Amino acid sequence: MAGKPPTSDPVQDAPDVTAPQHAAAGLTAVAHSLRIANDQMGVRRTALTLLKVNQKDGFDCPGCAWPEPDKRHAAEFCENGAKAVAEEATLRRVTPAFFADHPVSDLANRSGYWLGQQGRLAQPMHLAEGADHYEPVTWQRAFDIIAEELDALTGPDEAVFYTSGRTSNEAAFLYQLFAREFGTNNLPDCSNMCHESSGSALTETIGIGKGSVLLEDLHKADLIIVAGQNPGTNHPRMLSALEKAKAGGAKIITVNPLPEAGLERFKNPQNARGLSGVGTPLTDLFLQIRLGGDQALFRLLNRLIIETEGAVDTGFVTAHTHGYEEFETAARAADWDDTLRATGLTRDDIQRALDMVLASRRTIVCWAMGLTQHKHAVPTIREIVNFLLLRGNIGRPGAGVCPVRGHSNVQGDRTMGIFERPAPAFLDALEKEFGFAPPREHGLDVVRAIRALRDGQAKVFFAMGGNFVSATPDTDVTEAAVRRARLTVHVSTKLNRSHVVTGARALILPTLGRTERDRQASGDQFVTVEDSMGMVHASRGRLKPASPHLLSETAIVCRLARRALGTRSTTPWETFENDYATIRDRIARVIPGFEDFNNRVAEPGGFTLPHAPRDSRTFPTTTGKANFTAAPVEHPHAPEGRLLLQTLRSHDQYNTTIYGLDDRYRGIKNGRRVVLVHPDDAAELHLADGDYTDIVSEWTDGTERRAPGFRVVHYPTARGCAAAYYPETNVLVPLDHTADTSNTPASKSLVIRLEAARRA
Ligand code: SF4
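See the structure below:
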């Protein structure tokens, strides 16, 4: 039997701390995922549902975007995938009676964990202007309200259409089409906050803003460098791929300020050795780098490669690249002492890394938010491209760039045109196919959308999924900005903080989850998604929907478009809603790589999108070649008595969704307000383990921001570098503190001081 949601809110968390673990997964992970799944779904539903996750005839895990191998295990999911599925397929329901019992003023004081634990949203709800209670509303009335508010705008750019990474290709394609027919490119998405820096750097250097490796490349690599990434929590099945790579003889270098259990040793729960044995050690060399030191590290490695006779792949460099001379001059200027200061590494560390790099013929670099959320994230990733180009490590098996995406269709949504700066060729194709003139002016990304809301220039905020106010920086500023909107609308499966920080009016539109059957007029539908490696495949839910009042995301967009656009639109929205294959036919005509979409996606496992650098060593850049770049080396500095802080996730957390209050691998239980500090730094700051402190971020304009009441945890981080969970620490990140070029909030290098505090 499934358990009930918590009645009391554990917002006053009280962390218990033990030593960090040195191995991930194994039996404990299996037991933990089953406990959470049974608690949310009951035993029978747990078994039926989990056996369909990531299967060729099943549904795509709503967790991260890690790809599935062609040959699937019966249990093709990880602990965190099981948690994501359990929360979606939960038997708990949030009904109108819940909203009658809980005014918004009450819900606004609840923790994100408590809100999420209440279960699935069961009915469309409306918060009228001046009201404190959401009330049930019909779908028709909900669409009328949105249309009224859109009609009242002085121009289409006063509306913002946000997308989170769960949205299917079909829904995303129609959503951007609706926004553009309405007249705006205001299509910010969660990519703006995660891999925008990767997209910016890769588009400029190799001509496509996506990774160049497939799953089998990881299995063939000689060397895999995992930088700024914690796969054990954020993409757990990546550990299986790393284990397989090791079995094939690969070496792994891990570059991170924190040691992470998953990268130390992996106990694969899919085999007996992992379940009962000691597991597989993964990392061969751990470079415990200071926050933001990665560009300096790769620049020096590049110099050392250039100085090693025969190490540069001159044939590749000559035939396929541009800008080598300028880059070489910059690389030769890399200085050992500067690099050791920026990275906190030793000469021996770097020499050992170089030896492994030179011994490898096929090298892959993987990364995630640890690289993308710095002010100098884009030049850092460009330097990684330089590193790979030097030895011809792009466009051959077992080699390439591998930015690992954290949400199941975040990459696909971008492919479908969810982007505030669409390419002219995409808009031309849209215009030709649908016979309207799309807006050509660039729209707002996430940070600019918050500014527009703050300044009263945006008045309607529509979110297709996600938890905008918890995912974004500068919490107080963002929440105040959202409250200025005339109307906020959230298409959601579960309750979150963004439903209780509202505009003058608000709507909650409950939608189907991935696990659920999607039945339309022409019969059962499936949707498609794209994983982190450009594989597109079908996803079919089987469960009865959580409520008869739910609509699919696709249906919501179609009905909204019909109501809001009326006769202005000649797009066959009703046909699209009735039969998703008709949407795929249009995608096939608009987006390169999706030709014959319906037939190809009918193949079990789907198909791989083309990727010119990987497939043919051709680079669709402005120069027609892969571009070396030579940006100045940067790294963050913390003055005396200050630390650098990175925000991160706990293990019981998926993006902004909090599954529980534990971070098992790091030894934290029953609490989230912790700050991890190296014991020597803590001693210098006169902070004992267990002391309580406020975290105060300091900015060059003299302003500061405060997050109160964090328990100090002595932890083996890199010296000078602290860590604490988001969204609790988003309040410390100013809206204007973003990565150059990509405008991604730079949440990984905040200068902070720790001030003694009374226990919260
Ligand atoms: S690795 Fe990611 S996609 Fe795979 S089961 Fe785990 S959370 Fe889901």
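If you're matching positions, the sequence shown starts at 350 in the working numbering and goes up one per residue.
In this text, a Cβ means the ideal position worked out from N, Cα and C, and glycines have one as well.
Please read these numbers as outputs of a predicted model, since none were measured by experiment.
- Look at K1018 here: in three-state DSSP terms it is strand.
- Scanning R710, A682 and Y524 for the CA closest to the CA of G659 turns up R710.
- Taking 4 residues as the shortest admissible run, the segment 953–1013 contains the following complete alpha helix (DSSP H) segments, listed from N- to C-terminal end: 961–965.
- For R912, same chain residues with a beta-carbon under 6 Å away, outside a window of 5 residues either side, are F492 and A496 in chain order.
- Residue environment for K420: exposed (fewer than 16 other C-beta atoms within 10 angstroms of its C-beta).
- Taken in chain order, the complete alpha helix (DSSP H) segments of 4 or more residues contained in the segment 657–726 are 663–669, 673–681, 685–692, 696–708 and 718–721.
- Residues of the same chain with a CB within less than 6 Å of the CB of R394, apart from the 5 flanking positions on each side, do not exist.
- DSSP lists V885 as the beta-bridge partner residues of E879.
- A951 sits exposed, since fewer than 16 C-beta atoms from the chains shown fall within 10 Å of its C-beta.
- C-alpha of Q404 to C-alpha of H848: approximately 33 Å in a straight line.
- Out of T1090, G479 and A435, the CA that lies nearest to the CA of A853 is found in G479.
- In this structure S460 is buried. Its beta-carbon is surrounded by 16 or more other beta-carbon atoms within 10 angstroms.
- Note that the segment 929–945 does not touch the segment 551–562; fewer than 3 beta-carbon pairs, one per stretch, sit closer than 8 Å.
- In this chain, the alpha helix (DSSP H) harbouring L523 covers N518 to F531.
- The C-alpha of T688 is placed about 25 Å away from the C-alpha of S1091.
- Within the DSSP bridge table, the entry for V443 names L470 as partners.
- In this structure, the C-beta of A449 stays at least 8 Å away from each heavy atom of ligand 1.
- Look at S896 here: in three-state DSSP terms it is coil, with no helix or strand label.
- A Cβ-Cβ contact shorter than 9 Å links E530 with F785.
- By the C-beta density criterion, P988 is exposed, having fewer than 16 other C-beta atoms within 10 angstroms.
- Rounded to whole angstroms, the gap between the alpha carbons of A1105 and M813 is 41 Å.
- Going by DSSP, G1058 is part of the beta strand (DSSP E) stretching over E1053 to H1063.
- DSSP assignment within the segment 379–441 yields the following whole alpha helix (DSSP H) runs of 4 residues or more, N-terminal first: 392–399 and 428–437.
- Here A378 has E428 and P618 as same chain residues with Cβ atoms under 7 Å from its own Cβ, once five neighbours each way along the sequence are excluded.
- CA-CA distance, W463 to R740, rounds to 51 Å.
- G749 has I713 as its beta-bridge partners, per DSSP.
- Inclusion of I799 and D823 in the CB contact set at 9 Å is warranted, their separation being smaller than that value.
- Across the set S513, Q467 and D571, the C-alpha of S513 shows the shortest separation from the C-alpha of G815.
- Inter-segment contact for the segment 1050–1068 and the segment 1012–1028 is present: three or more beta-carbon pairs are separated by less than 8 Å.
- Inter-residue distance for P788 and L892 is about 40 Å (C-alpha atoms, whole angstroms).
- Annotation: the continuous beta strand (DSSP E) that includes T1042 extends over Y1041 to E1047.
- For L909, there is no enclosing beta strand (DSSP E); the residue is found in the alpha helix (DSSP H) stretching over E902 to L914.
- In terms of side-chain proximity, the C-beta atom of W488 is found no nearer than 8 Å to any non-hydrogen atom of ligand 1.
- Between the alpha carbons of A433 and N605 lies a gap of roughly 26 Å.
- For the options R833, E923, H886 and T860, the alpha carbon positioned closest to that of A870 is the one of E923.
- Restricting attention to T1078, Q1002 and G1039, the CA atom closest to the CA of N583 is found in Q1002.
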